[in-house]
Every structure is written in C-alpha cells, then in structure tokens.
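Engineer: Submitted below is the structure of interest, expressed as structure tokens.
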Amino acid sequence: MDYFPIFTNLKHKPVLVVGGGHVAMRKIELLNKAGAHIQIVALHLCEKLANMAKKNHIKWLAKIYHAKQLEKVFLVIAATNNSELNSQIYQDATNRYLLANVVDDKSHCSFIFPSIVDRSPVIIAISSSGSAPVLARFLREKIEVLLPSHIGKMAKISDQWRKKVKERFCTSSDRRYFWEKAFNGLFSSQVASGDLDGAKRTLDYQLNDINSSLGEIILVGAGPGNSDLLTLRGLQVMQLADVLLYDYLVSDEILNLGRREADRICVGKRANDHSVTQKEINHMLITLARQGKRVVRLKGGDPLIFGRGGEELQAAAEAGIPFQVVPGITAAVGATAYAGIPLTHRDYAQSVLFMTGYCRANCTVTDWPILARTDQTIVIYMGSIAADDITAQLIKYGRDPTTPVAVISRGTRQDQKVFIGTLETLPALVHHASTPTLLIIGLVVNLHYNLAWYQNTN
Ligand code: SAH
1 MDYFPIFTNL
11 KHKPVLVVGG
21 GHVAMRKIEL
31 LNKAGAHIQI
41 VALHLCEKLA
51 NMAKKNHIKW
61 LAKIYHAKQL
71 EKVFLVIAAT
81 NNSELNSQIY
91 QDATNRYLLA
101 NVVDDKSHCS
111 FIFPSIVDRS
121 PVIIAISSSG
131 SAPVLARFLR
141 EKIEVLLPSH
151 IGKMAKISDQ
161 WRKKVKERFC
171 TSSDRRYFWE
181 KAFNGLFSSQ
191 VASGDLDGAK
201 RTLDYQLNDI
211 NSSLGEIILV
221 GAGPGNSDLL
231 TLRGLQVMQL
241 ADVLLYDYLV
251 SDEILNLGRR
261 EADRICVGKR
271 ANDHSVTQKE
281 INHMLITLAR
291 QGKRVVRLKG
301 GDPLIFGRGG
311 EELQAAAEAG
321 IPFQVVPGIT
331 AAVGATAYAG
341 IPLTHRDYAQ
351 SVLFMTGYCR
361 ANCTVTDWPI
371 LARTDQTIVI
381 YMGSIAADDI
391 TAQLIKYGRD
401 PTTPVAVISR
411 GTRQDQKVFI
421 GTLETLPALV
431 HHASTPTLLI
441 IGLVVNLHYN
451 LAWYQNTN
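Going by full-length UniProt numbering, the letters in the sequence shown line up with residues 1 to 458, in that order.
Listed below in structure tokens is the structure:
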C-alpha cells in the first residue's frame, strides 16, 4: 500500500494554500465543503477567490510565501505555477512534519487528493496512488452512477437507530442481518421516495420481528429498447430486485442489466399469443410482494403511457402493497428523437397528441375534428392494425391527404427503420414495418430528411 487512506476532520482547522489561480480554487472549494479554515498566500487572487476573500470565506494572509506561515497549520497545499517555490514549500512543510501536497506533482506530495463520491455522511474516496488519476476519475463516475442519491439520508437515519438495534440484538451477525435487510428492502425504497416516516416505521417493525419480510412493487419504465436509454434509477432498482417481471417489449440487453440472482418471469403480451392476462399479472405481482419480495415490474417505454401500469398500481394500492414508479422514455419521445423528427417545432406544430390505435371493444375515439388540426403532431401507439381507419377518419375530418407521415419500426434499436410517406399512403407503409411500430403524422415529419442522425436512416 503506497498511501494510507484516512478521513480527516478539517472543521475549523487552519489549512494553508499557496497560489491564487484556478488550480488553487478547485482545492479550496473542496476544503471549504469540509469546513476548513483556509488561509491563502498569493500575489493575485482569481475572481472567484477574490470574492470568497471579500466575504471572509477564506483569509488572504499575504502576497509572498514565507516558511513562518507554516506555523500552526494543519495541512499545506502548494498550487503556484513556480515549481521551485512549490518544492521549497514541500521541503519546509516536510521539515516540520506537516502533510503537504503540491498539486499535480506526485514526487512532492506527502498526501494526495482522492476522487470523491459524496453522499454525506457516506463518502467514497478512490485513488490510484497518483499513478493514473484519470482512471480514478473514471471509476468514480462508475460508482457515482450506481449509488443512489438517497444513501446519505439512509445513513443519517441509521445513525439514529444504532443504539436501539444494539440493545435489541446481542450478536453482531443478527445486527448485520437487520441492516442488510433494511438497506436492501422497503426501508431503502421509502427513503428514496421521501417517505421518511414510513422508513422509520419499517425499521421499528423489523426491530420487533426480524424475520418479517415486507415486499414491494416497483414499476420501471425500461425505455424504447436501446439499453442506453434506461434511467439511472431504473438500473439501480433492477440491481436490487428479487424478481423481474417483464413484457416482450423489454429488450434482452436491458434484462441482462438486472441483478443476476433475481428470478425473471416473462408476462409478455403480444397480439394473438396466449400470454398472461392482466388480471393474472396483477395477481402475480401481489402474491410475490406478499411473500416479502422486491418485485420489479419492467415495462417498455414509460410504464404509465399505454402500458396498463396504472391498473397495476391500482391493484397494488388496493392490496395495501407499497409501490414506487420509475418513469421511462416513452416510445413517442425515444423513437422520434432517434428518427430525427422533433415532435414540436415553432414553424410546424404547436401541440402534440399521443393516442392509441387499439381500443377496448365499444370504446371509440370520437373527437376526430380535434385530431385533424394541421398544426398538431399526432403520435399513434399500437396503430398498425388500425391504420386504414385512422387514415380514412383523418381525411374525412379535414386533414390534408398529403400530410407527411412516418412509421418508425423498432425505434432506438440497432435495427430501427423509418418509413416516410403521406397520410393517404399510410396503410401501405405499415405493411413494410416490423413491430413494434409507431406512427407519426404531421408536418414535422419532413424534418427527418435533414435531421436523421441515427444509422443515417435516410
Ligand atoms: N408504455 C410504452 C407503450 C406500450 S404500448 C411506451 O411508453 O412506449 C406498445 C406500443 O408502443 C407498440 O405497439 C408501439 O406502437 C409502441 N412502441 C414501443 N416501443 C417502440 C419502439 N421501440 N419503436 C416503435 N414503437 C414502439
């Protein structure tokens, strides 16, 4: 081990920084967060530092460095552009057994700054011992993505419970079991969703009955198919899942990002196949959650747009099962972006309307005159089968038969295809497209010719 990692408490401790430029400022911003009492020696201060000095957030001690300034300081940072001066400062500090850091000069550092992931009070410091700082930053970004922002809050609440937990469980393995359950279960979700009272009740509940398991349902939007479009929150909860219940619209790429040990159940619904009914899905969700499982229900796009996610939540609410929703990028937003079709544009469309081409028996879309407005983009989900009827109605109620239309097949995926035509050719167009397909009607479609960027779909 080349360096020994420690976390120091710098609150109100004097720290000397020599140098007043941007490099010094970056370090000072960090030290400031830790509550250090910063003293600065520099000929000039950059604008930001000058402001900080004015507000007394830092103390401009002197213009010229002198070894005497090292008396009564806790740490020393040299960030001048004069390497001789920097090494002099390092020598002076080392002679006094002070920890010193010359920024970006590993040979003149008795301590180094790690890359930091800050979820205070949880802090993760990463270092490559100065050998590959870019690698350390790269690792930091990876960790940053994986760690939910609420873990700091979780740690604060846990601190208030430590005493109770210690009194309740005498062995360290029981205590560990308690905390593992809390951090992986409902307590964590409740903190994430801002229900701090609920989170505290869950800890109390578990304190009384360590073997009790409180399950939950998390509805997650997996986006339109391209795994890069999954949200961070979606990824985080997928990695904590006990069970992943997914539709056929969820791509394998995304499914593979889930926790390895999680059970995977396909409840895919596709026209004409003998898939699980909605009632059975609701029942399955509730039964699994009642067994104490964290059930992640993955749905294509956004779970609450034409996905019957609302009905699943209603079932959970009725059964008294806690639930959360992680929104996703809906097909209308994802597929059009990847096809180079802006849904609104000041010159062509002042509004956008999402509709479904598939309705329950005896439910009909009646307001065709509103749908026929010229300055409006219409996006139709599940529209291929109804393309004939949609075309006939829109033309009947006044939409120009030459209005441009796009059929986006398998939007955002590697095999995305975009078919462009006009309203009157729409029924023929959909025959070429493999599912899932999205229909776009409106003048904005013409922008595709200039704006297509993904796979050059022109
Ligand atoms: N909840 C989903 C929609 C479910 S309805 C969402 O928010 O996107 C299913 C319909 O969505 C499909 O029939 C198709 O019309 C559309 N769809 C979903 N993913 C798509 C994709 N990658 N490309 C084109 N259309 C898509």
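Even for Gly, the Cβ is constructed at its ideal location relative to N, Cα and C.
Around the Cβ of T8, are there at least 16 other Cβ atoms within 10 angstroms (buried) or fewer (exposed)?
Structural biologist: Position 8 of the sequence shown, counted from the first residue, corresponds to residue 8. T8 comes out exposed.
Engineer: Cβ of G223 less than 9 Å from any chain D Cβ?
Structural biologist: Absent from the structure: chain D. Only one protein chain is present.
Engineer: According to DSSP, simplified to helix, strand and coil, what is K59?
Structural biologist: The count along the sequence shown starts at 1 and reaches residue 59 at position 59. Strand, per DSSP.
Engineer: Check whether the Cβ atoms of A125 and V102 sit closer than 9 Å, and answer yes or no.
Structural biologist: Position 125 of the sequence shown, counted from the first residue, corresponds to residue 125. Position 102 of the sequence shown, counted from the first residue, corresponds to residue 102. No, the pair does not count as a contact, with Cβ atoms beyond the cut-off.
Engineer: Is there at least one non-hydrogen atom of the ligand SAH closer than 8 Å to the beta-carbon of D302?
Structural biologist: By 1-based counting over the sequence shown, the position of residue 302 is 302. At least one heavy atom of the ligand SAH is nearer than 8 Å to the Cβ of D302, so yes.
Engineer: Sort out for me which residues DSSP pairs N101 with in a bridge.
Structural biologist: Here residue 101 refers to the residue found at position 101 when the sequence shown is read from its first residue. DSSP lists I77 and C109 as partners of N101.
Engineer: In this structure, how does DSSP classify G225 when only helix, strand and coil are distinguished?
Structural biologist: Residue 225 sits at position 225 when you count from the first residue of the sequence shown. Here G225 sits in coil by DSSP.
Engineer: Under the assumption that I408 contacts Q414 (Cβ atoms under 8 Å), give the Cβ distance between them as a whole number of angstroms.
Structural biologist: For the purposes of this step, residue 408 is taken as residue 408 along the sequence shown, with counting starting at 1. For the purposes of this step, residue 414 is taken as residue 414 along the sequence shown, with counting starting at 1. At roughly 14 Å, the Cβ-Cβ gap does not stay under 8 Å, so I408 and Q414 are not in contact.
Engineer: Could you give the first and the last residue of the continuous beta strand (DSSP E) run that contains H118?
Structural biologist: Position 118 of the sequence shown holds residue 118. In the sequence as presented, His is not what sits at residue 118; that position holds Asp. Looking at the DSSP string, the run of the beta strand (DSSP E) that includes D118 is S115 to R119.
Engineer: Can we count A335 as close to the ligand SAH, meaning its CB is less than 8 Å from some heavy atom?
Structural biologist: The sequence position of residue 335 within the sequence shown is 335, counting from 1. It does: the Cβ of A335 is within 8 Å (strictly closer) of some heavy atom of the ligand SAH.
Engineer: Give the DSSP bridge partners of A136, in chain order.
Structural biologist: Your numbering for residue 136 matches position 136 in the sequence shown. For A136, which the question treats as bridged, DSSP gives no partner whatsoever.
Engineer: Looking at the secondary structure, which residues open and close the beta strand (DSSP E) in which L439 lies?
Structural biologist: Taking the sequence shown and counting its residues from 1, the one referred to as residue 439 is at position 439. Run containing L439: T437 to I441, per the beta strand (DSSP E) assignment.
Engineer: For T374, does the count of other Cβ atoms within 10 angstroms reach 16, so buried, or fall short, so exposed?
Structural biologist: The residue labelled residue 374 in the question sits at position 374 within the sequence shown. Exposed: under 16 other Cβ atoms inside 10 Å.
Engineer: In whole angstroms, what is the alpha-carbon distance linking L135 and R346?
Structural biologist: The residue labelled residue 135 in the question sits at position 135 within the sequence shown. The residue labelled residue 346 in the question sits at position 346 within the sequence shown. Looking at the two C-alpha atoms, the distance is approximately 44 Å.
Engineer: For M25, report the span of its alpha helix (DSSP H) as first-last.
Structural biologist: Within the sequence shown, the letter at position 25 stands for residue 25. Here the alpha helix (DSSP H) through M25 covers H22 to K33.
Engineer: Mark K293 as exposed unless 16 or more other C-beta atoms lie within 10 angstroms of its C-beta, in which case mark it buried.
Structural biologist: Position 293 of the sequence shown, counted from the first residue, corresponds to residue 293. By the 10 Å Cβ count, K293 comes out buried.
Engineer: Taking the C-alpha atoms as reference points, what is the distance between F169 and E318?
Structural biologist: Translated into the one-based positions of the sequence shown, residue 169 becomes position 169. Translated into the one-based positions of the sequence shown, residue 318 becomes position 318. Between F169 and E318, the C-alpha separation is close to 35 Å.
Engineer: Would DSSP call V267 helix, strand or coil?
Structural biologist: Here the question's residue 267 lines up with position 267 in the sequence shown. If DSSP states are grouped into helix, strand and coil, V267 belongs with coil.
Engineer: Exposed or buried, what is E312 when buried is set at 16 or more other beta-carbons lying within 10 Å of its beta-carbon?
Structural biologist: Counting from 1 along the sequence shown, the entry for residue 312 is found at position 312. Buried: at least 16 other Cβ atoms inside 10 Å.
Engineer: Just to check, is the beta-carbon of I420 closer than 8 Å to a non-hydrogen atom of the ligand SAH?
Structural biologist: Within the sequence shown, numbered from 1, the residue matching residue 420 stands at position 420. Answer for I420: no, Cβ out of range of the ligand SAH.
Engineer: From the DSSP output, read off the bridge partner residues of A349.
Structural biologist: Residue numbering aside, residue 349 sits at position 349 when the sequence shown is read from its first letter. Beta-bridge pairing links A349 to H345.
Engineer: Would you kindly report the start and end of the unbroken alpha helix (DSSP H) that includes K279?
Structural biologist: Reading the sequence shown from its first residue, position 279 is the one you call residue 279. Residues Q278 to R290.
Engineer: Taking the alpha-carbon positions, what's the E84 to K54 distance?
Structural biologist: Counting from one through the sequence shown, the residue named residue 84 turns up at place 84. Counting from one through the sequence shown, the residue named residue 54 turns up at place 54. Spanning the two alpha carbons is a distance of roughly 30 Å.
Engineer: Verify whether the separation of the beta carbon atoms of I356 and I395 is less than 9 Å.
Structural biologist: As a position in the sequence shown, residue 356 is number 356, starting the count at 1. As a position in the sequence shown, residue 395 is number 395, starting the count at 1. According to the sequence as given, residue 356 is Thr; it is not Ile. Going by C-beta atoms, T356 is not nearer than 9 Å to I395.
Engineer: Does the separation of the CB atoms of L219 and R297 fall below 9 Å?
Structural biologist: Counted from its first residue, the sequence shown places residue 219 at position 219. Counted from its first residue, the sequence shown places residue 297 at position 297. Yes, the Cβ-Cβ distance between L219 and R297 is below 9 Å.
Engineer: Closest to D388 by C-alpha separation, out of Q376, A372, L304 and T425, would be which residue?
Structural biologist: On the sequence shown, residue 388 is found 388 positions in, with the first residue counted as 1. Here the closest residue by C-alpha is T425.
Engineer: Would you call the CB atoms of I390 and L439 closer than 9 Å?
Structural biologist: Within the sequence shown, residue 390 is the residue found at index 390, counting from 1. Within the sequence shown, residue 439 is the residue found at index 439, counting from 1. Closer than 9 Å, so yes.
Engineer: DSSP on R297, reduced to helix/strand/coil?
Structural biologist: The count along the sequence shown starts at 1 and reaches residue 297 at position 297. In the structure shown, R297 sits in a strand (DSSP, three-state: E or B).
Engineer: What do you reckon, is the C-beta of G411 under 8 Å from a heavy atom of the ligand SAH?
Structural biologist: Reading the sequence shown from its first residue, position 411 is the one you call residue 411. Yes; taking the cut-off as 8 Å, the Cβ of G411 has a heavy atom of the ligand SAH nearer than that.
Engineer: For Y397, I'd like the list of residues in its chain whose CB is within less than 6 Å of its CB, leaving aside the five on either flank, ordered along the chain.
Structural biologist: Residue numbering aside, residue 397 sits at position 397 when the sequence shown is read from its first letter. Around Y397: W368, P369 and A372.
Engineer: Hey, would you say L207 sits closer than 9 Å to V145, going by beta carbons?
Structural biologist: Position 207 of the sequence shown holds residue 207. Position 145 of the sequence shown holds residue 145. No, the Cβ-Cβ distance between L207 and V145 is not below 9 Å.
Engineer: Any chance the CB of K299 is under 8 Å from a heavy atom of the ligand SAH?
Structural biologist: Start at 1 with the first residue of the sequence shown, and residue 299 comes out as number 299. Correct: K299 has its Cβ closer than 8 Å to the ligand SAH.
Engineer: Measure the C-alpha to C-alpha separation of A271 and H448 and round it to an integer number of angstroms.
Structural biologist: Within the sequence shown, numbered from 1, the residue matching residue 271 stands at position 271. Within the sequence shown, numbered from 1, the residue matching residue 448 stands at position 448. Low local confidence applies: a pLDDT of 49 at A271 is under 50, so the model's placement there is unreliable, and no value is given.
Engineer: Cutting at 6 Å between CB atoms, please list the residues of its own chain near F306, excluding the five before and the five after it.
Structural biologist: Mapped onto the sequence shown, residue 306 falls at position 306. Hits under 6 Å: T356 and Y381.
Engineer: Take the Cβ of N282 as the centre, count every other Cβ of all protein chains shown within 10 Å, and call the residue buried at 16 or more, exposed below.
Structural biologist: Sequence index remark: in the sequence shown, residue 282 carries index 282 (1-based). By the neighbour-count rule (16 or more Cβ atoms within 10 Å), N282 is buried.
Engineer: So, helix, strand or coil for S131, using DSSP?
Structural biologist: Translated into positions along the sequence shown, residue 131 becomes position 131. Coil.
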